[in-house]
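Novice: For the protein sequence lines, the chains are C and V, in the order given.
The opening position of the first sequence corresponds to residue 112 in the working numbering, with each subsequent residue numbered one higher.
The opening position of the second sequence corresponds to residue 250 in the working numbering, with each subsequent residue numbered one higher.
Before we start, here is the structure in question, set down as structure tokens.
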Amino acid sequence: MAKPRVKVPQSVKKGEIFEVKALIKHKMETGQRKDKKTGNKIPRDIINKFTANYNGAMVLESEWHPAVSANPYIAFFVRADKSGPLVMKWTDDGGKIIEATSNINVTA
Amino acid sequence: MKKTTIAFASVATAALVVGAWTSSGFAGQWGGKQVDDRRSGYTYAEPETRSMQDDDFQNPAMVWVDDGAALWNKVDGEAGKSCASCHNAAATSMKGVSASYPKMDKKLGKPQNLEQQINECRTERMKAKPYKWESHDLLAMTSFVGNQSRGMPMNVKVDGEMAPYFEKGKAFYNERRGLLDMACKHCHEDNAGGQIRANILSQGQSNGFPTYRLKWQKPGSLHRRFRGCNKQVRAEPFKNGSDEYVNLELYVNWRGRGLPVETPAVRN
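This is the structure:
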């Protein structure tokens with residue numbers, strides 16, 4: 112899995128609501144498909160959990176299911192509180208965790 | 250949804266006003282995505298798909314473009330070179346390149362498309378292994394190189410030494426094939442804008458390739474698309490990179506002459 116693409120504003124005013132956009136490359140194998148040559152089921156391998164932490168507090172936690180497309184894109188809104196890291200975590204069926212950290216710069 | 254509808258209505262009105270004022274050079278409601286009667290596949294796509302393409306961040310194919318940018322600077326092969334060793338910064342050296350392919354290759358004595366040119370560079374200059382067709386690396390590289398020409402008009406040379414290959418491509422385009430006995434033109438010229446079951450037929454323009462197809466969940470080359478079309482009319486598809494498809498690519502790129510390169514486009 113490649114490094115996720117994350118977009119946050121360069122700086123936000125305190126109390127303002129800002130948008131976070133993130134896109135990650137993942138095949139999101141549903142577990143429903145069969146290998147055309149062997150006839151065996153291709154095992155499920157999807158990202159099943161996505162979380163976002165802002166200054167140590169959970170701002171978003173979501174469970175994902177097989178209907179989510181490959182290379183999933185997510186956008187959500189967070190209210191700026193104080194400067195600090197926004198940590199996003201993607202966990203897949205294999206137990207692999209991909210993390211991306213972006214620093215939120217909050218101005219007064 | 251309501252917001253989108255209003256936006257389209259106002260674009261259409263604006264275009265009509267312009268059309269009334271200037272009788273020549275009427276661009277239609279699609280602005281730069283339409284040249285004369287030639288319309289990019291973008292104009293046939295759903296608004297949701299178009300908005301994915303419009304925002305570089307939402308466009309999933311941009312991940313491949315980023316990967317291609319990394320490969321551009323990666324030294325590979327016995328010669329100890331990367332693409333950048335000869336071509337320097339892609340932003341200047343590759344600008345407009347993809348819009349002019351396929352091009353005549355003097356040594357081979359026949360036209361080559363972008364994928365083949367990249368592999369020629371790899372085997373002859375870098376002494377590296379060629380990329381496999383439709384592999385991640387080749388798609389990343391073609392998406393990256395194609396992306397440098399974004400917005401520039403498609404402009405292939407079809408006269409002079411290219412003329413015989415152009416004629417072959419044109420013949421292929423108009424030739425019936427497969428169990429369904431259909432030619433490319435039956436869908437993409439005679440019935441563009443009509444429906445094929447639930448899908449809207451486009452003019453089959455090539456200006457967005459490699460294109461991220463939502464159905465494929467990844468980008469794919471023009472030749473993959475050709476193979477898909479051939480299979481759908483129950484014909485035996487040709488190989489990726491075959492002479493037949495390179496000639497067809499030449500003709501199809503000429504059909505879309507003047508349309509802006511959209512690489513990497515997003516389609517359904």
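A virtual CB, placed ideally from N, CA and C, is assigned to each residue, including glycine.
What is the rounded straight-line gap between the Cα of SER273/V and the Cα of SER289/V?
Specialist: Residue confidence for SER273/V is low, a pLDDT of 38 falling below 50, so the modelled location carries little weight and cannot support an answer.
Novice: Take LYS118/C and list the residues in its own chain whose beta-carbon comes closer than 7 Å to its own, dropping the five residues that flank it on each side.
Specialist: Beyond the five residues adjoining it in sequence on each side, LYS118/C comes within less than 7 Å, by CB distance, of LYS132 in the same chain, given in chain order.
Novice: Just the chain V side, please: which residues come within less than 9 Å of LEU197/C by C-beta, in chain order?
Specialist: Result: empty, since nearest Cβ-Cβ is about 16 Å, beyond 9 Å.
Novice: Just the chain V side, please: which residues come within less than 9 Å of SER180/C by C-beta, in chain order?
Specialist: PRO309, LEU463 and GLN466
Novice: In or out: CYS335/V buried (at least 16 other Cβ within 10 Å) or exposed?
Specialist: exposed
Novice: What does DSSP give as the partner residue(s) for GLY135/C in the beta ladder?
Specialist: Note on residue identity: the sequence assigns Ile, not Gly, to residue 135/C. Answer is none; ILE135/C lacks a bridge partner.
Novice: Enumerate, from N- to C-terminal direction, the unbroken alpha helix (DSSP H) stretches of 4 or more residues contained entirely within the region 377–446 of chain V.
Specialist: 385–396, 412–423 and 433–437
Novice: Taking only beta-carbon atoms, is ARG116/C less than 8 Å away from chain V?
Specialist: yes
Novice: How big is the Cα-Cα spacing for LEU497/V and ILE128/C?
Specialist: Approximately 51 Å, taken between the alpha carbons.
Novice: Report back the beta-carbon spacing between SER349/V and ASN404/V to the nearest angstrom; my notes put them in contact at under 8 Å.
Specialist: 6 Å
Novice: Closer than 8 Å by C-beta to LYS124/C: which residues in its own chain qualify, once you throw out the five before and the five after it? Chain order, please.
Specialist: ALA191, VAL217, THR218 and ALA219, listed in sequence order.
Novice: Starting from the Cα of ASN116/C, find the closest Cα among ALA338/V, VAL314/V and ARG483/V and give me that residue.
Specialist: Checking the displayed sequence, the identity of residue 116/C turns out to be Arg instead of Asn. Ranking ALA338/V, VAL314/V and ARG483/V by Cα distance to ARG116/C puts VAL314/V first.
Novice: Write down the C-beta distance between ASN182/C and LEU134/C rounded to the nearest angstrom, noting that I regard them as a contact closer than 8 Å.
Specialist: 7 Å
Novice: For a test of the three-state rule: what should DSSP assign to GLY457/V, helix, strand or coil?
Specialist: coil
Novice: Could you check if VAL482/V belongs to the surroundings of the ligand GTP, using beta carbon to heavy atom distance under 7 Å?
Specialist: The ligand GTP is not among the ligands present in this structure, which contains no ligands whatsoever.
Novice: Report the option in LYS419/V, ASP408/V, ARG446/V and SER392/V whose CA atom is closest to the CA atom of LYS434/V.
Specialist: For LYS434/V, the closest alpha carbon among the candidates LYS419/V, ASP408/V, ARG446/V and SER392/V is that of LYS419/V.
Novice: Should MET169/C go down as buried or exposed, given a rule of 16 or more other Cβ atoms within 10 Å for buried?
Specialist: Looking at its Cβ environment, which holds fewer than 16 other Cβ atoms inside 10 Å, MET169/C is exposed.
Novice: Rounding to the nearest angstrom, what Cα-Cα distance links MET375/V and HIS385/V in this structure?
Specialist: 19 Å
Novice: I'd like the list of long-range same chain contacts for ARG506/V, defined as Cβ closer than 6 Å, with 5 residues on each side in sequence excluded.
Specialist: MET403
Novice: DSSP beta-bridge partners for ILE208/C?
Specialist: THR202/C
Novice: Can you name the start and end residues of the alpha helix (DSSP H) that PRO468/V belongs to?
Specialist: Element bounds for PRO468/V: not the alpha helix (DSSP H) but the beta strand (DSSP E), 467–469.
Novice: Would you check if the distance between the CB atom of SER331/V and the CB atom of ASN322/V is smaller than 8 Å?
Specialist: A Cβ-Cβ contact shorter than 8 Å links SER331/V with ASN322/V.
Novice: Can at least three beta-carbon pairs, one atom from the region 424–432 of chain V and one from the region 480–487 of chain V, be found at a separation below 8 Å?
Specialist: yes
Novice: Using the rule of at least 16 other Cβ atoms within 10 Å of the residue's Cβ for burial, across every protein chain shown, is ALA158/C buried or exposed?
Specialist: The sequence given here places Ile at residue 158/C; Ala does not occur at that position. Under this definition ILE158/C is a buried residue.
Novice: What residues in its chain sit with their C-beta under 7 Å from that of VAL284/V, if we drop five residues either side in the sequence?
Specialist: Within the same chain, VAL284/V has close Cβ partners GLY507 and LEU508.
Novice: My output table needs one value for ILE162/C: the three-state DSSP class, helix, strand or coil.
Specialist: The residue you asked about is not Ile; residue 162/C is Thr in the sequence shown. When DSSP states are grouped into helix, strand and coil, THR162/C belongs to the strand group.
Novice: Which value, in whole angstroms, describes the spacing of the CA atoms of SER451/V and GLY329/V?
Specialist: 44 Å
Novice: Am I right that MET199/C and ALA186/C are in contact with their C-beta atoms under 8 Å? What's the rounded C-beta distance?
Specialist: Actually they are not in contact, since the Cβ atoms of MET199/C and ALA186/C sit about 12 Å apart, beyond 8 Å.
Novice: Measuring only between beta-carbons, confirm whether VAL312/V sits less than 8 Å from chain C.
Specialist: For VAL312/V, the nearest CB of chain C lies under 8 Å from its own CB, placing it at the interface with that chain.
Novice: Using beta carbons (cut-off 8 Å, strictly below), is LYS145/C in contact with chain V?
Specialist: Not one chain V Cβ lies under 8 Å of LYS145/C.
Novice: Measuring alpha carbon to alpha carbon, tell me which residue in LYS145/C, SER194/C, LYS114/C and ARG155/C is nearest PRO120/C.
Specialist: SER194/C
Novice: List, in order along the chain, the chain V residues whose C-beta lies closer than 9 Å to that of LEU134/C?
Specialist: What LEU134/C touches in chain V: PHE306, GLN307, ASN308, PRO309, MET311 and VAL312.
Novice: Shortest alpha-carbon distance to GLN302/V belongs to which of TYR500/V, LYS282/V and ALA319/V?
Specialist: LYS282/V
Novice: Skipping 5 residues on each side, what residues in its chain have a beta carbon closer than 6 Å to that of THR162/C?
Specialist: GLU172 and LYS200
Novice: For TYR184/C and chain V, any beta-carbon pair shorter than 8 Å?
Specialist: Chain V, which has a Cβ nearer than 8 Å to the Cβ of TYR184/C, makes this yes.
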